[in-house]
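What follows is a single structure, written as structure tokens, with notes after it.
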Amino acid sequence: MADQDTFACPYKYITTYPNLKFHVIFANHGPQTDQPKNPFSIPPATKSIESASMIPQSVVSDEHLIQRFKQGDLDSFGPLYERHVRTVYNRVRYVVPEADIEDVTQEVFMAVLKSLHTFRGESQFSTWLRTLTNYKVAEYYRKRNRKQDPREAPMAEAESLPDGSSALQFEERIALRRALSNMPDKYQEVILLRFSDGMQFDEIAKTMGSNLESTKSLFRRAVAALRKNLDNQP
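For the numbering used here, add 253 to where a residue sits in the sequence shown, where the first one is 1.
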């Protein structure tokens with residue numbers, strides 16, 4: 254078995270197996286044992302998004318799954334993870350360098366595991382998860398900023414730039430991330446909600462607490478600012 258790093262939680266332990274690239278969570282109401290009960294694994298995000306589209310979205314609500322999880326049914330986290338991993342992965346992919354997308358996505362869901370018991374249902378789970386994702390992305394850049402400016406961070410990918418047509422897409426993603434990082438938070442959010450999360454304008458308006466016309470106006474200004482940032486890049 255690979256080396257383990259264990260993080261204590263109020264009613265469970267989360268054990269990470271770095272060498273195996275997946276995480277295990279199990280209930281623990283007393284001292285940790287060598288044979289934990291109810292193991293549950295979180296597979297790498299890139300594998301999970303392949304099967305996410307096969308999960309029936311209307312079978313069980315997020316709220317019901319969360320309630321079951323709080324009551325000790327750890328298996329209920331599986332459908333919740335599969336249901337939302339694609340959205341989180343896509344959002345992270347817009348703003349984080351390619352090499353770190355999966356790691357940041359995993360960090361988001363590890364944070365969900367540690368704090369899901371605090372979710373009070375005052376907003377939709379998807380809203381709570383989006384806020385947590387934004388926080389983990391910001392945390393990623395705070396850590397990275399100790400060594401370099403986060404606005405320049407995506408350029409670190411250029412060292413592994415692929416050949417052929419994929420190189421152009423690769424460079425475009427780098428340029429997009431840099432352009433987004435130089436925009437106000439509201440501009441970033443409305444663009445991500447529209448293009449990454451695939452929301453309609455009425456959904457975006459509700460999410461951002463605004464009316465429809467103001468949201469459309471904000472989006473137009475954000476797109477104009479994004480174009481300007483892209484045009485001004487060397």
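For glycine and all other residues, C-beta sits at the position ideal for the given N, C-alpha and C.
This structure is a prediction, so every number in the text was calculated from the model and none was measured.
query	result
Cβ contact (3+ pairs, closer than 8 Å) linking the segment 341–355 and the segment 368–376	no
His337, enclosing alpha helix (DSSP H) - first and last residue	330–348
Collapsed DSSP secondary structure at Phe322 in the structure displayed	helix
Inter-residue spacing [alpha-carbon to alpha-carbon] between Met363 and Val341	13 Å
Own chain residues within Cβ distance below 7 Å of Lys389, not counting five before or after	Val357, Glu360, Val361, Ala364
Proximity below 8 Å, CB of Ser434 to CB of Arg344	no
DSSP-derived helix/strand/coil call for Val313	coil
Whole-angstrom distance between Ala458 and Thr468, CA atom to CA atom	6 Å
Option nearest His337 by Cα separation, candidates Val312, Asp455, Ser379	Ser379
Local conformation of Phe472 per DSSP, three classes	helix
DSSP state of Ser418 mapped onto helix, strand, coil	Bear in mind that the predicted position of Ser418 carries a pLDDT of just 43, short of 50, making it too unreliable to give a figure here.
Residue burial classification, Gln497 (beta-carbon count within 10 angstroms, cutoff 16)	In the structure displayed, the chain extends from 254 to 487; residue 497 sits before or after that span and is not available.
Backbone secondary structure at Glu392 - three-state DSSP	helix
Extent of the continuous alpha helix (DSSP H) run through Phe454	454–461
Range covered by the alpha helix (DSSP H) that runs through Ser368	354–368
Integer Cβ distance of Ala432 from Asn398, believed to fall under 8 Å	That belief does not hold up - the Cβ atoms of Ala432 and Asn398 are roughly 18 Å apart, past 8 Å.
Beta-carbon gap between Asp315 and Leu333 smaller than 8 Å	yes
Own chain partners of Pro403 with C-beta closer than 7 Å, once the 5 adjacent residues on each side are dropped	Note on Pro403: pLDDT 42, under 50, position unreliable in the model; the coordinate value appears next. Excluding sequence neighbours, Pro403 sits near Tyr394, Arg397, Ser434.
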